[in-house]
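The block underneath contains the structure these notes are about, expressed in C-alpha cells.
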Amino acid sequence: MVTTDAKLICAATRAGYVLPVIDVADPRFTVADDPDSLRRLFDAAAAEERRNRRMPKFIMRWLMKSAAKRSLMLQALFGGDATFVDGMSTYAMKLGADNLMPPYDGPMDRRMAAAAPLTLLRLRTQQVARLTADALAAELDEAKTVPLHLINIAGGPAIDSMNTLIMLNRRDGALLRRRVVIHVLDPDDAGPFFGKNALAALMAADAPLAGLDIAFDHRSYDWNAAGPLEVLVRDLAASGAVIAASSEGGLFEYGSDAAIVANLQALHAGGARSVTGSVTSADEARRRMITATRFKLTPRGLEGFAPLAARGGYQIAQAESAQLSDQVLLRPL
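Heads up: the sequence shown at position 196 corresponds to 196 in our numbering, and the numbers run straight through without jumps.
Here it is in C-alpha cells:
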C-alpha cells in the first residue's frame with residue numbers, strides 16, 4: 001500500500017500505519033549544514049548532554065521509563081532489552097517534529113524529535129546520502145547505461161540509498177537512465193517492508209524518482225557471516241555493474257572488528273569503489289552516553305576505524321561530522 005497526499009509523500013508500514021517518506025532535498029526534512037548552523041546545532045547537543053550529566057543516573061532512568069509509557073520513541077530507547085534501536089523506530093526519530101504522524105506524534109514524541117540529538121540523526125542520513133551521491137556521480141557519468149547496484153548493509157528502510165538517488169537525479173537526470181537496484185541486507189523485515197513501499201511512493205507520478213527503473217531487493221543477512229555478501233558482490237561484478245555500498249547506523253557502529261573487516265573484504269573483492277557509513281564518535285561524551293544505555297555501540301572514532309578499513313582494503317577518503325558520529329566515504333587502497 002502506498003499513499004501520497006498534497007503535503008508529504010507517505011508509505012505504509014508493516015504494522016499498518018502510514019509515515020512520511022524522508023526526502024532530504026525537501027526543506028521540511030533538510031538539516032541546515034552551513035558552518036554557522038552546524039556550530040549552533042553541535043553547541044545545543046553538547047549543552048543538552050551536560051544538563052543530562054548533572055542529573056543522577058537513577059533519576060534519569062526513572063524519568064525516561066515513566067515517559068516511555070507515553071512515547072513509542074522513548075519505548076524504543078528505554079524499554080525492553082534489545083541491544084540496538086530497531087529500524088522503524090530509528091526512522092521515525094529522523095522525521096522531525098513537524099512531520100510526525102500517528103502513532104509517533106504524541107507530545108513527548110514531538111519534544112524528542114525536536115531535540116538536538118535526533119536532529120543529529122537526521123544530519124547523519126543527509127551526510128551519508130550526499131557522500132554516496134558525490135562518490136557515484138563521476139563513475140555513473142563515465143559508465144553511461146551500466147546498471148547501478150546499491151548495497152545497504154543493516155539498512156532498515158534504506159532511506160539513505162533512496163536519498164542518494166534523489167540527489168543524483170536532481171543533479172543530472174541522465175545519471176540514472178539505467179537499471180538501478182537497492183539491495184537491503186538486514187535480518188529484520190519491518191524496515192525493508194516500509195522501504196519498498198517508500199520507494200514505490202517516490203517513483204509515483206510527479207514524485208522525485210518518477211519514471212526511473214529502480215528495484216528493491218531485501219535479503220535476510222547476518223553481518224557476522226559475510227559469505228552471502230561475497231557471492232552477491234561477485235555476481236554483480238561479473239555483470240559489469242557499478243557497485244556502491246553503505247551502512248548508516250549499522251555495521252561500523254555495532255559490528256565487531258572481525259565483521260567490519262570481513263564485509264569490507266567482500267566488497268573490495270567485488271570491486272565496490274565506494275563504501276559509505278557512520279562511525280560512532282570516540283569522545284568522552286559519547287562514551288558516557290553509551291555506558292548509560294544498553295546499546296552495544298562501539299565508539300571507535302576515525303582513528304580506531306581507519307585500521308579496520310585498511311584491513312578490508314579501503315582508506316577514508318572523506319569524512320563529515322554529525323557530532324554523535326562521523327560519516328565516512330571509503331575508497332579502495
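Backbone N, C-alpha and C define an ideal beta-carbon position, used for all residues, glycine too.
Alpha-carbon to alpha-carbon, residue j and residue i
i      : j      : result
Asp257 : Ala310 : 12 Å
Leu118 : Leu302 : 22 Å
Arg177 : Ser71  : 43 Å
Ile316 : Asn263 : 16 Å
Arg170 : Thr145 : 18 Å
Ile182 : Arg39  : 34 Å
Phe42  : Ala322 : 8 Å
Thr280 : Leu123 : 14 Å
Arg50  : Leu324 : 14 Å
Asp186 : Pro35  : 35 Å
Thr125 : Asn163 : 9 Å
His218 : Ser161 : 13 Å
His268 : Gly313 : 6 Å
Ile151 : Pro307 : 22 Å
Pro147 : Val180 : 6 Å
Ser246 : Met108 : 32 Å
Ile153 : Gly249 : 10 Å
Ala266 : Ala207 : 35 Å
Asp86  : Asp188 : 8 Å
Nonlocal neighbours in the same chain, by C-beta distance under 7 Å from residue i, ignoring five residues either side
i      : result
Met167 : Ala25, Ala129, Arg130 and Ala133
Glu139 : Val242 and Arg273
Gly304 : Ala282
Ala116 : Leu41, Ala44, Ala45 and Glu48
Val31  : Thr119, Arg122, Leu123 and Gln126
DSSP state of residue i mapped onto helix, strand, coil
i      : result
Glu248 : coil
Arg177 : coil
Phe216 : strand
Asp43  : helix
Leu324 : coil
Tyr314 : strand
Thr164 : helix
Ala158 : coil
Leu232 : helix
Arg14  : coil
Arg227 : Looking at the sequence provided, one finds Gly at residue 227 rather than Arg. Note: Gly227 maps to helix in three-state DSSP.
Phe58  : Residue placement at Phe58 cannot be trusted, given a pLDDT of 45 that sits under 50; what the coordinates show is reported in the next sentence. It is helical.
Beta-carbon contacts of residue i that lie in its chain and below 6 Å, excluding the five residues immediately before and after
i      : result
Ala190 : Arg14 and Met88
Tyr104 : Leu72 and Ala92
Glu230 : Ala266
Leu8   : Pro20
Cβ-based neighbour list, residue i, same chain, cut-off 8 Å, excluding 5 preceding and 5 following
i      : result
Ala259 : Trp223, Asn224, Ala226 and Leu251
**Request:** Check whether the stretch 142 to 158 touches the stretch 188 to 200, counting contact only when three or more Cβ pairs, one atom from each stretch, lie closer than 8 Å.
**Result:** yes
**Item:** Contact the stretch 215 to 231 vs the stretch 8 to 27: 3+ CB pairs below 8 Å
**Value:** no
**Prompt:** Counting pairs of Cβ atoms below 8 Å between the stretch 87 to 104 and the stretch 202 to 220, do you hit three or more?
**Reply:** no
**Message:** To test your reading of the DSSP string, which unbroken beta strand (DSSP E) runs of 3 or more residues are found completely within the stretch 95 to 156?
**Reply:** 148 to 153
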